[in-house]
Structure formats: structure tokens, C-alpha cells
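S.K.: Here the protein sequences come in this chain order: A and B.
The opening residue of the first sequence carries number 1 in our numbering; numbering runs sequentially from there.
The opening residue of the second sequence carries number 1001 in our numbering; numbering runs sequentially from there.
Where is the CB? At the ideal position from N, CA and C, for every residue including glycine.
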Amino acid sequence: MNPDLADSLTEICGPDAVIVDRDRLLAYESDGLTAYRHRPGAVVLPRTTSQVRRAVLAVARHGLAVVPRGAGTGLSGGAVALDGALVLGTARMDRIVEIDAPNRRAVVQPGVVNADLSAALRPYGLHYAPDPSSQSACTLGGNVGENSGGPHCLKHGVTSRHVTGLEIVLSDGSVARLGGMGGEAEAGYDLVGVVVGSEGCFGVVTEIEVGLLPLPEGVRTLLGIFDRIEDAARAVSEVVGVGLLPAAMEIIDGPTIRAVEESVFAAGYPIDAGAALVIEFDGVDAGLDEESARAAGICDRMGAREVRRARSEEERAALWKGRKKAFGAMGRIAPDLLVQDATVPRTALPSTLRGIAEIAARYRLSVANVFHAGDGNLHPNIVFDRRNREESGRVECASAEIMRLCVGAGGTITGEHGVGLDKRRYMELVCGPAELKAMRGVRLVFDPAGTMNPGKVLPDAPGGGGDQGGAQGGPSTRRSVGGGRVRGVGSVLDLLPAGQALVGEEAAEWLGGSGAEAVVFPESAEEVAALVRRAAESSVPLLPAGSGSRLGWAGGWPSGTGVVVVSTRRMASLVHYEPADLTLTAAAGMRWRNLDAKLRLKAQWLPLETPGLWSGTVGGAVARGGAGPLRTRYGAVRDSVLGLEVVTGAGEVLRLGGRVVKNVAGFDLVRLFTGSYGTLGIVTQASMRLFPRPEVDLTLCFEGARERMLEGAAALRASLLPVAAAELHDRSVAGREGRAALAVRVLGGAAEAEDVRTRAEATVGIEPVDVLLGNESESFHRRATEVAPEPLRSAVVARREDSVSSRLADGIKGLFDPHRVLPRRP
Amino acid sequence: MKLSEDGLARALAEQDDALANCVHCGFCLPACPTYRRLGDEADSPRGRLYLMRAIVEGRLDAGSDAFETHISRCLGCRACEPACPAGVEYGRLLELARQVGGSVRPPPRISRLLLATFGTKWASRLAMLGARLLRASRIPDLLTWAVSRVRRRSGEESAIESESHWARQRSTARWRSLWLAFAMVSASAPPRRLFAKVRRRQVASDAAAAADLGRSRPRGTSTADDRPTVGVLAGCVQAGLFSRVNAATERVLTANGYRALRVRAQGCCGALHAHGGDLGRARALARRHIAAFEQAGVDFVASNASGCGAAMADYGSLLDDDDAIAESARDFAARVRDVSQLLAERGDRAGAPLPLRVTYDPPCHLLHAQGVAEAPLAVLQSIPELEVVPLADAAECCGGAGIYGLANPELGGWIGADKVHSALKTGAEAVVTGNPGCMMQIGAGLALAGSRVRTVHLVEMLDESYRLGGVYGDTQGPGAR
Ligand SMILES: Cc1cc2nc3c(=O)[nH]c(=O)nc-3n(C[C@H](O)[C@H](O)[C@H](O)COP(=O)(O)OP(=O)(O)OC[C@H]3O[C@@H](n4cnc5c(N)ncnc54)[C@H](O)[C@@H]3O)c2cc1C
Ligand code: SF4
Ligand code: SF4
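(1) What does the Cβ neighbour count give for residue 1422 of chain B, buried or exposed, with the cut at 16 atoms within 10 Å?
(2) I need the residues with a C-beta less than 6 Å from some heavy atom of ligand 3; please give them in chain order.
(3) What are the residues in the segment 317 to 349 of chain A lying within 7 Å of chain B by C-beta distance?
(4) At 4 residues or longer, what runs of the alpha helix (DSSP H) sit wholly inside the segment 412 to 448 of chain A?
(5) Residue 104 of chain A to residue 333 of chain A, Cα distance in whole Å?
(6) Keeping to the same chain, check which residues put their C-beta closer than 7 Å to that of residue 1320 of chain B; ignore five residues upstream and five downstream.
(7) For residue 217 of chain A, which residues in the same chain have their Cβ closer than 6 Å to its Cβ, ignoring the five residues on either side in sequence?
(8) Excluding the 5 residues flanking residue 32 of chain A on each side, which residues of the same chain have their C-beta closer than 6 Å to its C-beta?
(9) Between which two residues does the beta strand (DSSP E) holding residue 685 of chain A run?
(10) Between the segment 1085 to 1101 of chain B and chain A, which residues of the former have a C-beta closer than 7 Å to a C-beta of the latter?
(11) CA-CA distance, residue 223 of chain A and residue 383 of chain A?
(12) For my contact list, residue 1412 of chain B and residue 1404 of chain B are in at a C-beta cut-off of 8 Å; report their separation, rounded to the angstrom.
(13) Is residue 1408 of chain B close to chain A? Criterion is C-beta to C-beta, closer than 8 Å.
(14) Does any residue of chain A have a CB that is nearer than 8 Å to the CB of residue 1211 of chain B?
(15) Quick check on residue 1187 of chain B: does DSSP put it in helix, strand or coil?
(16) Does the contact criterion of 3 or more C-beta pairs under 8 Å hold for the segment 1443 to 1450 of chain B versus the segment 1178 to 1190 of chain B?
(17) For a test of your reading of the model: does the CB of residue 281 of chain A fall under 7 Å from any non-hydrogen atom of ligand 2? Yes or no.
(18) Do residue 1308 of chain B and residue 1079 of chain B have their C-beta atoms within less than 8 Å of each other?
(19) Look at residue 1302 of chain B and residue 1342 of chain B and say whether their C-beta atoms are less than 8 Å apart.
(20) Which residues in the same chain as residue 1229 of chain B place their Cβ atom closer than 6 Å to its Cβ, once the five residues preceding and following it in sequence are excluded?
(21) Residue 35 of chain A CB to nearest chain B CB: under 8 Å?
(22) Output needed in chain order: residues of the segment 13 to 37 of chain A with a Cβ under 9 Å from some Cβ in chain B.
(23) Which residues of the segment 38 to 49 of chain A have a Cβ closer than 7 Å to any Cβ of chain B? Give them in chain order.
(24) Using a Cβ distance threshold of 8 Å, determine whether the segment 319 to 326 of chain A contacts the segment 252 to 269 of chain A, with at least three qualifying pairs required.
(25) Since residue 211 of chain A is in the beta strand (DSSP E), which residue starts that stretch and which ends it?
(26) Quick check: what's the CA-CA separation for residue 317 of chain A versus residue 132 of chain A?
(27) Report all residues from its chain with a CB closer than 6 Å to the CB of residue 661 of chain A; omit the five preceding and five following residues, and keep chain order.
(28) Can you tell me which of the three DSSP states residue 1370 of chain B falls into?
(29) Taking one C-beta from the segment 685 to 699 of chain A and one from the segment 631 to 650 of chain A each time, how about it: are there three or more such pairs within less than 8 Å?
(30) Who are residue 340 of chain A's beta bridge partners in DSSP?
(31) Nearest chain B C-beta to residue 159 of chain A closer than 8 Å, yes or no?
(32) Is it the case that the Cβ atoms of residue 415 of chain A and residue 594 of chain A are separated by a distance below 8 Å?
(33) Is the CB-CB distance between residue 1455 of chain B and residue 1359 of chain B below 8 Å?
(34) Confirm, please, whether the CB-CB distance from residue 1026 of chain B to residue 137 of chain A is below 8 Å.
(35) Quick one: is residue 988 of chain B near chain A, going by C-beta distance under 8 Å?
(36) Which same chain residues end up closer than 6 Å to residue 1285 of chain B when comparing Cβ atoms and leaving out the 5 residues on each side of it in sequence?
Written out as C-alpha cells, the structure reads:
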């Protein structure tokens, strides 16, 4: 380590904050995955954003790389420094900056330990939902880095759903503040979303704003003991299939049970069992007994030998014990333990488990599974001895086969532990060259110098070093179509059969009078790509559209004249729908109301309720992004989109994400395209996460003086009562001045809804003037979203995009729309 | 007998499996007081284990600065053990590491001096005599008061000691050791003023009500011989500065139906030596100790000093390699109890009300090393009208850690200051704990912060309640009939 650099770091962060002694640096060689050992060049332990900024600058001046590191519990080698890079540890950045209980948000420094945050929130009756099994040690910064999940993310969603704002120091020392204020102030691209899960490759996260949830009122825990693991896996699918949404569903397989029972951590599971399934429900006390009884019934029907129920907090802890101690127990019996991580669609669990067992047998390895079954997130743990070279080789081969098996089943190579160093070699299983190139490009927008955690996540670019993001494809390579350069709208229309385009009068009519030259109706992503490329060559601006209902709604028209509207209407099929997986894939042109009708048949839904949703298409909903009033319960659009097929402005087809609910393979570009208003690409297909439709949907309509209604809403918020939404409508039903209506929506099982309803009425303190039920309730809210009720949160102030964020956004725009064929960015 | 350096490295190498149990998961990091404050992974349990492993792998020199610094910065509080999912026996590995390190690089003079003193009976007696005389002279009280005034004036209240302080204080470390030692001696004095306050309050309240509580007679006095016998550990510091606590221990045990025996031949239990890595001397002391108690033939060995209790409970593994005594060592270890365990086992026995607000700080070697969490609280809760308020971060070490506070006054002071700060925030009138070292460390911290809040031993508290309640007979206290 260069002494000059050490000196300047000492000057910036203080004498105790810089470690250069090679012996002392040994402690930073590995993270939670000890297969990789790389000693850093130095470690610096800053305390403030400004220290981070100055330290990063100083390091940059010496041409060194920086590796952010939280608690080093990561299981993919993400937090180790290659080639003598500098580790920037966040252990001293452990301050909870702000707890804003009324708005259910908190701001923390990245070194705050996950469990400490929830402990600090307990007095407010709130918690931070994502609970990795490592929560007692791992930091929020690391959680953001990996987009971590946890047992209870089945119901509440993983890290990215709860992170609403970030402050990040980039490799050139600039500081960007992204998102913030509860996510309500989002404008522009979802940069927060793409930074979550970026594994430290985009910059050092120095402040994190998270959303908070009320602590569940009640909890019910079951433990089903099965003779065969496949039965346990089928029970998981069935529970979801009948419309139950437990907080957690975890499976511990036979080998793991035996390891636990033979260790000092014995949890009292029968050692001859094939699998144990922990199911936990949380929420309003009233409905829980019924829900857990139904789940217990399903376990019985699927062949459970025995179902245990916890009656007290101690019993609950006892049922969980086998799950919680599994890792430690396995660690004790094994000289070395490889904790694998992959996700498959829930319904593919039984066959995948069988496949894994076969692979293990073939390679003569013992594999034990403990995993987040509800999310289809597998953790096959392979026991081996590193000193045995031949065995290590077999572990390697078996791992690769397991990855291929999971990807083949429609899953992915990592659900929560990240790619880091360990899974770079599998990235090509889930990403093609175009996707990898796009990820490289985005990384370079954030980190043009390539000095933030280099050598992680992405495999080396083909042809070495050529880590060029820049223009993809591009007209220069295709300019010579038919000799001379073609120009004008005509050249674009030439690409399609006559029936797939409207021009002139017809176009205007279809569009309802706006000034486009033509409308085209491509039928596949490849057709869209050809159109886009041709448009780029001919400098024809394009405007993506669904059914044409919201043209130019926010993105603004593209510059230039002779605009061609690209409608996705001819791509309207339901590509894939597996109710038991709670996921679907639809082509972009499918109308939302058609989609909803299909879901209704299976008692499922996707209640996004963003403005314009009902009159539009799936692609439109994705492109607009945003959130509806049910955000707290069901998340925003960004939280529902699992995968996308999109044609970029450079004319490349990207297939991003997948159709599993947990997926952290590579950077989350899905987030960038969601809510980008078609300014980065044209969405042609989307995979989304669904929810069981609740048994009861009712709306309580209160009416009175505006002040009184505001009071009622505040009381509801303060009560932490889980009402699905509370909205204020200024134009009261009676239409009188100074009066308002408060619509409180209650969703859930019969008993739960009844209980919440009674308590909501008591909390508001007056009788509702009307109670809407079922469809009436639903359509009331559907109508209401069109008039956009006013937000009830206080202190929501839209933050203007700062110059660094806007530079990042411009960079991303330039990357995906290099020829400016798509609309300007909002 | 001094083992060669090679032999020692081998001793650590033999622990390869124990070290390999550590799966590098990092769960222990947040439990560790030194990591929490310094943020350096080499100052975390996982980091320290990794350094030990590097020695076994031949990648690190046992005499290196890194090893010396990080192993000596460990408090030995063992808070990392309950946090570990893999059950790594950190405490034992630490002792070995200290031994290995100490053999190539002698520990600081102050540690050696202290260990040598406690390792020799006459020296330890002499030192304690000196300390008692010093205490009686009231010089330490005065000095402590003066230091607290100076600190307050210079805005350097110990309650807000922090990282910037710890950097600065390194230069003044030696002075800090000195005045800390004085303050500790001062803090070892009996809590006379506190108990006087109790009596004033009781006189003010209904005396008859208090008297009522004294009615219960001592248990088991009728048939003296079926009572379990208990040998109370006299200890070095306890015997020297806390003889009142030893006496109280015998009284409360007797009152709860035990027969307390004086085991005369006992000496130092070797706890400080084992924790300091002087395993040779620790073993020698342990042998002597075991022999003494064996001769006395007791059912239980009661300890009112948790560091000693933990060390005695570990005799089995300490002497595992010595076939001649391994068996008796295990037998001895199985009889070791903290006094609170023996008391709690007997259930409530109420004395007079003590209308006080106190908080309880669990000693590390009781909570983490011996896993005794409930018993002391149960004993406190059995005292009528004693209000026990929770202490924030109670499970964290107070920074005393045997001789750590004296050998590492800066970091120990920082950790101690945080403890003092949380204690003061509770608004308690006294901090109850179960270990003389903690009493002196926290007591000194409180006094240096200018506070009049006292530290009291759990047994002292119960004893006072019994005394006032007339449990010991008819001659004492207002509760007598
Ligand atoms: C026993 C055990 C159980 C686990 N269970 C789960 C589980 O249930 N679910 C789960 O998702 N994971 C689990 N993990 C994995 C791990 O705990 C998580 O990935 C965790 O989020 C890592 O946090 P950390 O603070 O240790 O981060 P580190 O390991 O230090 O870092 C992780 C990554 O984040 C980056 N990073 C860290 N801080 C920052 C920052 N401030 N800015 C930018 N980048 C940063 C690092 O560069 C690295 O790439 C488990 C691990 C263990 C050992
Ligand atoms: S908790 Fe235990 S296994 Fe995990 S790093 Fe610490 S000592 Fe090792
Ligand atoms: S004994 Fe205490 S100070 Fe030492 S490593 Fe364990 S927790 Fe940290």
C-alpha cells in the first residue's frame, strides 16, 4: 500500500481508521464464503458520508479500487477485495439517523445491523420487514448490496420492496441522493431499484431510507412433519393454491433434521422424518386461527405424519429452532460447507428436489436442504472437505449441475445471496450476451472508471477488457441496407405487412387526432427490434404505445417530426399463467381488464390500481410504473414486475429477470425499464407477481367536515390497524364545500375483515355513511384512482433530481437510446 | 515447567478442529464490545479466531504485532459464545492463544505484576492488606472526588467518553490506570450510606408492616445434618476487600437451608491466570484448590465472584490432559454453583422490604460463560419493595474483565463509560451485580463521573433485607420480635 495514500486516508478518517499492517488485514480475507481468500491492500473505516467521499476520491487518485464491506456475512464472496483493492468497512457508520414513525419510515447509515434497527423500532410498534437468517449480524448496507431476503419475505417482500431512498458515493467522489421521502417523491428512473442488489459495484451506499411496517398483532406457527420431502413441497404449493398467504414457509429436509438432532442444538424433530415444514401466519389476531387450521388441514391431506402448533412464544421458538440452528449444526458436522442458493417456481420444487438428490447421489456427495420454500428459494448445502481435492472437484461439478437444473425448471442461479465472485461463471446460464452487455453498460454509467468492487457479478467481457457499455448495435453497423441510406417514415413502414400499419388519416383517427404520421402494430419483439433499428437509421422518432389511451402522458413526444407510434396491441396473449406459483407472464398489449378477468377465475389479483390502469395495457402499466393506494399491502408496480422482455432504443431485445419471486442474478435492470415511460425501450412482455384475492373486500365511507376526516385518517394511521387503504376525497358525496369523504378499505379473510372493520369504525369514531362490498368496493376504488385522491402522508415533499442523479439518468438514457428514437425522458 | 514455543503452537494446532468449527458466519460480531466500538474485524471474535487459525496454518507469527494487539484487546467476556450458531468455545481458545502469544512475547509489565501477585499467597495477602489500609485512609475517596471535579471542569465527563477520547487517552493511559486503581479501591467500600437511606425510609414507613415480614424462621435449623454442605470460595480480592460479601454469602446460604463450611486451605482459583494465558500457573493453582475442597468434602462449591466461578466450572477442561487429576477436576467442576443459583433453587425467602430503585448488571462470566441469567433476577425480585429497573445493553461487558480495565485503561474506560452512562440513565440508586471486579469497575466509573450511585453485591442486598427483617435472629434490626 502506497504510504502517501495511507497518510491521506489517515488524515481524512483518523489514525485508528486505517489499517495497512498486512497481518492485521488477514481478518478481511474472506466473507461468509471461505472458499475465497483475498487479502485487501488496506482497510479504511470511515464514519460519515463526507469521509467516505474524500476517502473514495483519495483512492481514485491512486488508481486503486474500492470494495464496500458491511459485516462480511455475504455468502458469495462479494465483500472480498481482489488484487489488493481497498476495503471500505461500514462498521462505524452505525447510526440510526431518523425514525419517522408517523410516516413509517426510517433513515439509517449502512453499518446499522438489521436486527438492531428492528429492536429500535419496537417501541413504536413498527419493524423493518426483511429478516435474513443472518439478521442479528448483517448490515443494512449489505442487505441493500445483495437485495437480501429472509423467511418472512414471502408475505412482505425482499429488501428492494422496502428501500425507498439511498445516498450513494460514486467512484469519482460525487454523491447522489436517490429516491427518498417514502418513495412518494419518485420521479424519473428507478435508480434506487437498480442500486439495490448491485453488490457494491455501483458505489458506496452511505445512507438508506426504508419503509416500516406495523408489528404483526398476532402470530400462529405450525410445524408439519412429513415422511417425504416432496409431500412437504406439495403442501407449500397447495397452501398458496387455496389462497392463503403465510408470512413464512420454510422446509428443513431429513439430512438437516438429523444433523440438528445429533448436535447440541437438538430441537426435538423426529430423526426419521423426511422433512419438516414450518408455516407461520401473522397479522390481525382475529383471522389467524382459521388460516392456520386450514394450513394444518392441507398438511394432513398431503400426508403429514404429524402437525404441531405453537401455543406460546416459547413453543414458537421451539418449532423454529430446527430451522434457525440448521446452519450452525451443519457447520459443526462438516469440515467445509457450501451453502448453495437458487430459486425455482414453487410448483417445480418437488421435481427439483428429486433432481438435486439424484445429482448428489451421482457425485457421491451429501446434500442437505433448508430453504425458503414459500418463495421457491432453495439452499442445497453441500458437505465436503476442502483438503480433499478430488471431492472438491465433485462439489464443483455438482453445483454447476444444480444450477443448470434450477434454470431449466424456470428458475435462476441465485435468489438472495448474490453473484459475487462465486457465481460469475453461472451468469451465462441466465443472461445472454445482450443482457450482459446491458448490465456492463449500466455499471459503467455509475462507475465509468470501473473501480467499484471490480471483478464481481459479471463475467469478464468477451475479448477481455472491452468493458464498453456505450452504444449497442447502432445504425453504423446496419447502415448499408440495400446500398444507400434509407430515410423517412416509409422506410420504417416497409418492414411490416400492410395490415400492420396505419398511416395518415387512419392513423390520426386511431390516435384520436394527435399528430403522428403512422401507427404500426408489430407482432413480436423481433419485429419491434427491426422497427427500432430502421427508425434509428432513418432518424424517425418512435412513440411506444399500448392501446393508445395515454399517448405522451408524461414522457413527452419525441423530438423531430414524422413520429411513428408503435402499438403493442397485436401482442396481447397470456404467455404463461401458473396460479400455484402466483406468477404470470403476459404480452405487453394485453389489456389490463382482460388480465384481471383471467385472474378473477382463479381467485387471484394484482391490485396495482395506478391511474389509468384499467383503460390500458400490461405494457402501459409497466411503463408508467408508480403505485396505487394499496401500496403498503401489495407494493408498487416496481415490486410486482419480476421479468421483462424489452426492446431497447438501440434495437436489441433484452430478456431481463425471470418469473420467480426472488432473483438476484446480476443487476436489476427490470427496475430501470419499469416506470421509464417507454423512454429506454419498448416493453413487449412482462412477468408479474400475483396475490390471492382476499375473501372480503369492503369499503367504509365516512363523511364529514374536512378537518374531522383528516383527524380520522390520522387516528387510523396512529392505531397501526392494518386497513388496506384510507383515502380522502375532497368532493364529498353530498358535494358541499368544506366537507370531505374518507374511504377506508378493508381486505382479508372473513373474521379478519370483520374485526378490522369494527375497530376502524371505532377508531374514526363515527358511523360510516355507506359500506361498499365486493365488486362495489373494487369499482369504487377503480374509479377513485382516476381522480387521484390526495395523499394523506405528511411531509411528502418531492425532491428535485440533483445534478448527479440527473447525470446518471442521462447516462442510462444514452445507453439504451443512443440514437434518440424514443421519447425524451420525463 | 515451560513448554517450548513449538509445543505451544502445537497446542493451538491441536485445536484445529475446534477452530474449524468456526464457519466464518459473523454472527458473533455484534455481540463483541470491542468490535462494536472499533469496527475492526481483527477486533472481533471471528477475526481473532481467524488470526489463531493463521498461526496454525503457519501464515502468521505468534510474536507479531497484529496477534499481540488483537488478542490482548479481547476482554475475554465471552459474549461471543452464546451468539455463535456453531458452538465455538471461544473462551478456551482465547486462553490458549494468550499462552501461545505470551510465550514469545511477554505481556505488559502491569499484567505480569498483577498475575504474579495473585499467584503467590503471601504477595496477594500483602497487596490486599495494603489496599485495605489505603481504603481506610480515605485517600482514594478524596483522590477520586478530586479527579471527578477536574474532569467535570474540563468538560471531560466520563459518561461521554467516546472514540475521539480513546485516541487521545492513549497518551495518558498510565495516569488513567493509576487513578482508576484508586477509584476501584474506593468503590470497594461497603455501601453504608445507601443502607442508611433504606433504614430511614423504613422508619418513616410503617414499622409494624416491616416487622411482620421477619416472622419466617430460618429453614432447616431443626435437623442440622441433612442440609447440603457448601464450601464458599474465599477468593483473593473477595477475601481482601470484600470479606463482608463472603460473610454475607455464608449468612444468606445458611438462612436458606445450606450448611456453609469454611474451607481453610483454599487459595487463588487461578481464574486471572487462565484468562491471561498463564495456563501453567492456572493449573497449579487449580490442583491445590481442588485438593482443599475435596478434603473438606462439600456438596457444592459456591462462588460470589463470577470470574472465579466460571474458571472453576472449567477445571474439567483445564486439567483434561492430566490423568492423575482429570477425574476429580470434572467432579469438582460439576459442584460449582454461583451463589445466586443456590439461593434461587430454594425459592423465595422474604426479608424486610428494601424500598430502593436498583438496576442489575449481569457479570459476563455469569451470563455468557456460565449461562446464568434468571437466578440473580429471581433473588432480587424476592426482596420486597425493591424496584429493579432494566439496564440498557445490560448483557455487554463493563470493561473491567479481570485485570483488563487496569491493563487497557483506554478501551476498558470507553466500554466502562458506556456502562456508567446506561446505569445513570436508569435513575437507579444502586447498581447490583454479582462480581467484585464489576463492582469495582462500575463503581469507579460512577465515582469518576461524579455520581453518588453505588455498586452493591447481590448477596449484600439480600443480606441487608434479611438482617433488617430479623431472619438471622432476634437481636438485629427493626424487624426483630
Ligand atoms: C448463516 C447465514 C445465513 C444467511 N441467511 C440469509 C438469508 O436468509 N437471506 C439472505 O438474503 N442472505 C442471507 N445470508 C447472506 C448475507 O447475510 C446477506 O447477504 C447480507 O445481506 C450480507 O450483509 P453484510 O452486512 O454481511 O454484507 P457484506 O457481506 O459485507 O457485503 C455484501 C455485499 O454488499 C456490498 N456492500 C456492503 N455494504 C455496502 C454499502 N454500504 N454500499 C454498497 N455496497 C455494499 C458488498 O460489497 C458486498 O458485495 C446469510 C448468511 C449467513 C452466514
Ligand atoms: S459466530 Fe461462531 S462460527 Fe460464526 S464467525 Fe463467530 S465464532 Fe465463527
Ligand atoms: S470474549 Fe468478548 S471481547 Fe473477546 S472476542 Fe468475545 S465478545 Fe469480543
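M.R.: Quick answer:
(1) buried
(2) B:1031, B:1032, B:1033, B:1034, B:1045, B:1048, B:1074, B:1075, B:1076, B:1077, B:1078, B:1079, B:1080 and B:1090
(3) 325, 327, 328, 331, 332, 335 and 337
(4) 427 to 430 and 433 to 446
(5) 43 Å
(6) 1326
(7) 284 and 285
(8) 73, 74 and 75
(9) 681 to 689
(10) 1085, 1086 and 1087
(11) 26 Å
(12) 5 Å
(13) no
(14) In this predicted model, residue 1211 of chain B has a pLDDT of only 49, less than 50, meaning its place in the structure is not dependable; the value taken from the coordinates is given anyway. No, residue 1211 of chain B does not count as interfacial toward chain A.
(15) helix
(16) yes
(17) no
(18) no
(19) yes
(20) 1259, 1261, 1298 and 1299
(21) no
(22) 14, 15, 16, 17, 19, 21, 22, 23, 24, 25, 26, 27, 28, 29, 30, 31, 32, 33 and 34
(23) 45
(24) yes
(25) 204 to 211
(26) 17 Å
(27) 375 and 689
(28) coil
(29) yes
(30) According to DSSP, which records beta bridges pairwise, residue 340 of chain A is partnered with nothing at all.
(31) no
(32) no
(33) no
(34) yes
(35) No information on residue 988 of chain B is available, as it lies outside the stretch 1001 to 1481 that chain B covers here.
(36) 1268 and 1270
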